[in-house]
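In what follows, a single structure is set out as structure tokens and then discussed.
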Amino acid sequence: MGLIKKLPVYTEKMPGGGIVMTSLEAALHNAQAKSLWYLLFGTACCAIELMCTGASRYDFDRLGMIFRATPRQADLIIAAGTITKKMAPRLRLLYDQMAEPRYVIAMGGCTIKGGPFYYDSYSVEKGIDHIIPVDVYIPGCPPRPESLLEGCITLQEKIKKQSLLDWQEKD
Amino acid sequence: MTFPVAVLELYPLFRWLSGVLESFGFSANTVLIISYAVLGVIMFSALSIIALFLVWWERKIAAHMQQRFGPMRHGWHGWYQTIMDAIKLLQKEDVRVASRDKIVYFWAPVICFVAAYLAYIVMPWGKNLIVADFNIGILYIMAVTTFTVIALLMAGWGSNNKYALLGGMRSAAQVVSYEIPMVASILTVILFVGSMSMVDIVTSQSGWIFNWFIFKLPFGPIAFVTYLIAATAEANRTPFDIPEAEQELVAGFNIEYSGMKFAMFFLAEFINMFTVSALAATLFLGGWNGWSFIPSWAWFLMKTFGVVFLMMLIRWTYPRLRVDQLMEFAWKFLVPVTFANLILAAVIKYAGWHW
Amino acid sequence: MSDLRTEEYYLNMGPHHPSTHGVCRMVLKMDGEKVKEIEPHIGYLHRSIEKICENRTYAQCIPILDRFEYVTAMSCNYVFALAAERLASIEVPERAEHIRVIMLELNRIASHLLFYGVTAMDIGALTPFLYGLRERESILDLFEMTCGQRLTYNYIRVGGVSRDLPNGFIPKCHEALNTIEKKLADYEGLLNENPIWLVRTVGIGVLPAKVALDYGVSGPCLRASGVQYDLRRNDPYSIYDRFEFDIPVRHNGDCYDRYLLRLDEIRQSIHIVRQALDALPEGDFKAKVSPNFKPPAGEVYARIENSRGELGVHVISDGTKKPLRVKTRGASYNHIAVLPAFATDVLLADLVAIFATMDVIMPEVDR
Amino acid sequence: MDKDQLSAYLTDKSEGKLTLLEVGRHDPIFKVEASQLIEVCTWLRDDEQLKFDFLCNLSGVDTGEQFEVVYQLASTSKSLRVDIKVILPYDGAEIESVQKVWAAANWHEREMWELYGINVKNHGKLEFLLLPEDWDEGFPMRKDWDAPDFIRMPEF
Amino acid sequence: MQGGIGNMGIFKDIKALFSGMRITSKHLGRHAITLQYPEEKWEMPERSRGVVVLLSDKEDGSLNCTSCMLCMRACPTAAIVIDSPRDPETKKRNLKKFEIDFGLCCFCGLCEEACNFSAIKLATKYEFSSADKDSFLWDVNKLQEVGRDVDYIDTRKKKKVAPKKETTPAETKSPEKKPVDQKGENS
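Protein chains in written order, with this note's numbering: chain V, 1 to 171; chain U, 172 to 526; chain Z, 527 to 893; chain G, 894 to 1049; chain D, 1050 to 1236.
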């Protein structure tokens, strides 16, 4: 994870490094939380609401979130819409292509459990947590733009609470 | 000791620095090198701050054009948003594609980044505020800014990705085409000034506002417009942003870059934009000339930011040209127009029909 | 020059690509930047809506079909309700018919505004995208006020609509229409005459009328090719025959015509909504339909003109409360199928423009 | 031509190849033998009075006892609509491709093949369209289809 | 290049380019229409369909639900699961389990329409994101808790205040609730 990853390891060994590390930790996670660039990934209905959220009325940019088309530069997948069995390997691939630290928001009922397509459907993946780890789920079909914004703020809070030590273990 | 750096405005600082260093018993050469290093750091930080500011500014302008707010939640109107972006990008994992061309892939962002900064050696920031005044200043700028295209081509090739390769190829074709009208319109200025030194170019436009080159009728405005078009293309901005056309090539040449390397490309793009704008301000808008109650560097920045604003306005208004239309526009329209303009200017200069 | 050889290669576009409007995947055989062959791969959003509908009652089918074509979910609701009404010969009250027309046309405007924005974005202009969505929000407000959702409405039911129009709907609707009409000038000013826009769209991706008919292309794409075929006139449903409106037709069949035609349609739709609002009668908004609605056995293919073209649903009833078969037909299905037939030998950037102006929406293709 | 005239015209002119079915609720539905399909379709498309040049839709149907294939045709110039139905046995269902008549049939037929298992002769490219490439669980739209992770909605 | 930048009348082109720029720069001066979400909130229209809640009696606070299972039958996604065995003595149903799975719910509002007892409603609340997938299975207590402060019109027959004709709440109550806090002109 970049250059800064190794920094905390050294700082902790220094005398008084604990204090430095805590403030460093806060600063780094703050930056992560405040600049979540999301991947332009949408499959179904939720993608339209994702677009609306990016548009003038709700404005993702306000939270510091801008879209990137390539997974390499994105921090966040907003899985907007139904993930089918045919699409699931592609979603996994996209997730694997992203650089750490990466986060996932599951938007809408389809991504939580299959939503309206849970019963009687032969081709829908019943929840994306079988494919990729999910950080925040947002219920709704599709969720309102406000719900999505609220989900993003929830994720930001979650990131800020992370500890650098979690990071080390994650690799 | 004699201090060779022509940063006269900063002269006291450097004299103090060399005094301190000499008292520690450093040799004159070491002092010189350290002074240059300090100057480099100052330059680098100033430019980085400017680039970060430009990113924020662009986001704000785009947002307000679209009746949004843009970054809003982090600081007053999100002023530290781009700093957060930068810190985050530094933390990101450096993904390296397994099938990359190792050397080329690694060096592409570095070259792009360094080339973007190199131009500022001869950029006249203000009265007596220039690192080095070469007598071929403008030629030097043209040379180093073209390094960018090599970097983009390297990025496209090294990533081993078809989209990236297409982006790299497009950028090469584009820069090669637009270099010619750009140079031709700059030549009109050089023709009149009779010198390639940046300082000479600026001082020749001093005095009255109509000494600015843009007001040299009839060829001045034409040269300015063609320069601006070519410069927009040079800086890879809409409507000429085909190397990273989001809708066609996903992200173009930087598709496989993440974290710091992407940040280098990203900052370099904005610094390039600043460079071409600064050049436009210097060549056509009188550089740091202006009423003396405002410092000269403020004039320079104001004019540059004005041109940057214009480029942003263009970017967020127009659609993107296609790659072959881009070439056609350069070769069939821009090149003839700039050369005709150059000849016109030469005739006027020879005949002495100008003031 | 003859000894210069180029090598053809394959480029995989999608399923995650910014300009495939969702999850279409196209395998392109390329020569440099030139697209030689296109092979669309679909099915990345195949949610088996048809299978699900076979195990739902008629009332329950409607929310599922909302997700079939979510940009104009009203017309999905409507077409299924229409099929069920035709199966059971249900008379729909006048007021309900008017409300339906208002909703369908408002949804058409919303969809075309989205088209405007997305097309502009695909061709590289980002600001029109946000302008288009801005006015779309005012229509979504109307929908939310009426039926409570922004996208998946579940509003039009078998026999009428689920709820009456709310108080204050009519003035607000007029206001929204006036704003959109005023803003159309801005939209046109941004793109219509813009030389960059013109070179990117005029003469690009010409779809000949014969090919279009052969491949079942319908709606604005067909009308831009010079075929005057609009189901609102040619196979009238609801009360469209009472309203005065034009069917815009253009003849070049290129991207520019497809784009202009949709802007014209926004105007016509505004005109229709105004007429419907003025003629709105008092009365019931729903016919009496039993909760255990069981149409007699039989089959029907109902089709309507939605913003993309012919939206059809083939419903077979076996006399029980669940349909035996529901087959949906979306216009985009044919719009993607026709791509290999006419969009070859274009540049990659043109393909994006063509794809955008065909106004494809993927769930309609994959179902 | 209104609907009754169209029905009369089709029964009259088709020389017994088309038989009117009772199930049609809005538009007439005609039954045609699978062996005469292409012939009838070509005639429907080319007849001066009909000109059914537009294939709206093509549905495969599993009624539980047999397969049906329904062609929904429309005429853009004459504003007509008619359905053509072919009834196929459950075993060895096979039908001729109508791509030569209407190119639009291509994907519909592919879809019918993969979802119902109705074989399409002379199609040219029978590959999976909607299902994943590695699908091996049979024909999901058949009424008796089942799979381990297929959950039917509980009946209340 | 058909048309072409050069041969289409360069002055017309320049005019068009400037008119585009004029429109965007005109917008630059206008006020944003953005809703600054966590600080400002839209007042939802009355019919807006957020989460499903169970309503309680306005007087004694008990659930309105009589566990008639109409909503469960109406649900197109089987998101509602009710278990209410009949008491063998009193012949009345006892609500044992009432669960709504928001991973399945499609917010269509059919349950609200099916209910004859003003017991279930789609409230105008929408902020329920969570990091826990299992938290979307709401039981009767949670549903009731969220629905406590939801205003509704009681249409049950046994109440005296209830109107004779069975109407949906939206018809009787004015839904004149515009999005508030909309700053600036919407143009």
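Heads up, the beta-carbon is just placed ideally off N, CA and C, and yes, glycines get one too.
Beta-carbon neighbours of residue i, restricted to chain Z and to distances below 9 Å
i, result
"V209/U", "Correct list: empty, because the minimum Cβ distance to chain Z is about 41 Å."
"S56/V", "L656, Y657, L659, R660, E663"
Supposed close pair residue i, residue j - CB separation, criterion 8 Å
i, j, result
"P1033/G", "S574/Z", "7 Å"
"A614/Z", "Y741/Z", "Contact flag wrong, Cβ pair sits at about 34 Å."
"S216/U", "D304/U", "Not confirmed; about 22 Å, so no contact."
"M483/U", "I220/U", "Wrong, their Cβ atoms sit about 18 Å apart, outside the cutoff."
"V354/U", "T453/U", "Between T453/U and V354/U the Cβ distance is about 15 Å, and since that is not below 8 Å, they are no contact."
"E427/U", "N306/U", "The pair is not a contact, with the Cβ atoms about 42 Å apart (cut-off 8 Å)."
"Y276/U", "S330/U", "6 Å"
Pick from the options that is closest to residue i, judged by C-alpha positions
i, options, result
"L1023/G", "D1042/G, R1003/G, P1041/G", "R1003/G"
"A879/Z", "Q586/Z, R683/Z, Y642/Z, P822/Z", "Y642/Z"
"I1149/D", "V1195/D, Y1086/D, L1084/D, G1058/D", "V1195/D"
"S751/Z", "F769/Z, I730/Z, F771/Z", "I730/Z"
"E631/Z", "M888/Z, L850/Z, N832/Z, P849/Z", "N832/Z"
"A924/Z", "S816/Z, L717/Z, T870/Z, A867/Z", "In the structure displayed, chain Z extends from 527 to 893; residue 924/Z sits before or after that span and is not available."
"K520/U", "S429/U, G365/U, L300/U", "G365/U"
"K906/G", "D940/G, R1045/G, D920/G", "D940/G"
"D984/G", "V994/G, H1001/G, E958/G, W995/G", "E958/G"
"C110/V", "L93/V, D129/V, R102/V, L94/V", "D129/V"
"V627/Z", "V743/Z, Y681/Z, R749/Z", "Y681/Z"
Within chain Z, partners of residue i - CB distance below 7 Å
i, result
"F41/V", "H542"
"L94/V", "H542"
"D495/U", "L873"
Chain-ordered neighbours of residue i on chain U, where CB pairs are closer than 9 Å
i, result
"R788/Z", "What R788/Z touches in chain U: nothing, since even the nearest Cβ is about 17 Å away."
"Y827/Z", "In chain order: nothing, as chain U lies at least about 37 Å away."
Chain D residues whose Cβ lies nearer than 7 Å to that of residue i
i, result
"P1047/G", "A1127"
"K174/V", "Residue 174/V is absent from the structure shown; chain V starts at 1 and stops at 171."
"E670/Z", "P1094, S1097"
Below-9 Å beta-carbon distance, residue i vs any chain A residue
i, result
"M482/U", "Included in the structure are the protein chains V, U, Z, G and D, with no chain A among them."
Residues that residue i contacts on chain U, provided the C-beta gap is smaller than 8 Å
i, result
"R62/V", "R239, F240, G241, P242, M243, R244, G249"
Contact list for residue i against chain D, beta-carbon separation under 9 Å
i, result
"C699/Z", "Those do not exist, as C699/Z stays about 13 Å from chain D at its closest Cβ, beyond 9 Å."
Listed by chain order, chain V residues near residue i by CB distance under 7 Å
i, result
"R230/U", "D61"
Interface partners of residue i on chain V, CB under 8 Å
i, result
"K848/Z", "Neighbours of K848/Z on chain V: none; closest Cβ ~11 Å, over 8 Å."
Interface residues of chain Z facing residue i [CB-CB closer than 8 Å]
i, result
"A79/V", "Here the premise fails: no neighbours, minimum Cβ distance about 11 Å."
Partners in chain G for residue i, counting only beta-carbon separations shorter than 7 Å
i, result
"L554/Z", "Going along chain G, no residue has its Cβ under 7 Å from L554/Z, so there is no contact; the nearest lies around 18 Å."
* Pair every Cβ in the stretch 832-847 of chain Z with every Cβ in the stretch 765-775 of chain Z, then say whether three or more of these pairs are closer than 8 Å. => No, the stretch 832-847 of chain Z does not touch the stretch 765-775 of chain Z.
* At least three beta-carbon pairs within less than 8 Å, the stretch 25-35 of chain V to the stretch 77-97 of chain V -> No, because fewer than three Cβ pairs between the stretch 25-35 of chain V and the stretch 77-97 of chain V fall closer than 8 Å, the two stretches do not touch.
* Scan the stretch 407-422 of chain U for residues whose Cβ lies nearer than 7 Å to a Cβ of chain V and list them as they occur along the chain. => Listed in sequence order: E417, V421, A422.
* **At least 3 beta-carbon pairs within less than 8 Å: the stretch 1140-1151 of chain D vs the stretch 598-616 of chain Z** => The stretch 1140-1151 of chain D, when compared against the stretch 598-616 of chain Z, does not touch it at the 8 Å Cβ threshold.
* **Cβ contact (3+ pairs, closer than 8 Å) linking the stretch 185-200 of chain U and the stretch 443-463 of chain U** => Cβ pair count under 8 Å is below three, so no.
* **Interface positions of the stretch 949-960 of chain G facing chain Z (Cβ-Cβ less than 7 Å), listed along the chain** => Those would be C949, N950, S952, V954, T956, in chain order.
* To do: Closer than 9 Å, Cβ to Cβ, to anything on chain Z: give me those residues from the stretch 110-131 of chain V, in chain order.
  => Taking 9 Å as the Cβ-Cβ cut-off, the stretch 110-131 of chain V approaches chain Z at C110, G115, P116, F117, Y119, D120, S121, Y122, S123, V124, given in chain order.
* Are three or more beta carbon pairs between the stretch 976-994 of chain G and the stretch 910-930 of chain G nearer than 8 Å? -> Yes, the stretch 976-994 of chain G is in contact with the stretch 910-930 of chain G.
* Contact residues within the stretch 850-884 of chain Z, judged by C-beta distance below 9 Å to chain U -> Correct list: L873, L874, A875, D876, L877, V878, A879, A882.
* Answer yes if the stretch 541-548 of chain Z comes into contact with the stretch 39-53 of chain V, meaning at least three C-beta pairs across the two stretches below 8 Å, and no otherwise. => Of all C-beta pairs linking the stretch 39-53 of chain V to the stretch 541-548 of chain Z, three or more are shorter than 8 Å, placing the two stretches in contact.
* Asked: Would you call the stretch 1106-1121 of chain D and the stretch 271-278 of chain U in contact, with 3 or more CB pairs under 8 Å?
  -> Flag = no, the stretch 1106-1121 of chain D and the stretch 271-278 of chain U do not touch.
* **Cβ pair count under 8 Å reaching 3, the stretch 1176-1185 of chain D against the stretch 117-137 of chain V** => With a cut-off of 8 Å on Cβ pairs, the stretch 1176-1185 of chain D is in contact with the stretch 117-137 of chain V, counting three or more such pairs.
* **Interfacial residues, the stretch 1119-1150 of chain D to chain G, with Cβ spacing under 7 Å** => Cβ contacts with chain G: M1121, R1122, A1127.
* To do: Residues of the stretch 631-648 of chain Z with a CB closer than 8 Å to any CB of chain U: list them in chain order, please.
  => Of all residues in the stretch 631-648 of chain Z, only A646, M647, D648 come within less than 8 Å of chain U when Cβ atoms are compared, listed by chain position.
* Asked: Using a Cβ cut-off of 7 Å, which residues of the stretch 1026-1038 of chain G contact any Cβ in chain Z, in chain order?
  -> Within the stretch 1026-1038 of chain G, the residues whose Cβ lies closer than 7 Å to some Cβ of chain Z are P1033, M1034, listed in chain order.
* Any 3 or more C-beta pairs closer than 8 Å across the stretch 389-407 of chain U and the stretch 501-520 of chain U -> The answer is yes - the stretch 501-520 of chain U touches the stretch 389-407 of chain U, with three or more Cβ pairs under 8 Å.
* Under 9 Å (Cβ pairs) to chain Z, residues found in the stretch 319-338 of chain U -> So the list reads K333, Y334, L337, given in the order they occur along the chain.
* Any 3 or more C-beta pairs closer than 8 Å across the stretch 42-59 of chain V and the stretch 405-420 of chain U -> Not touching, per the Cβ criterion.
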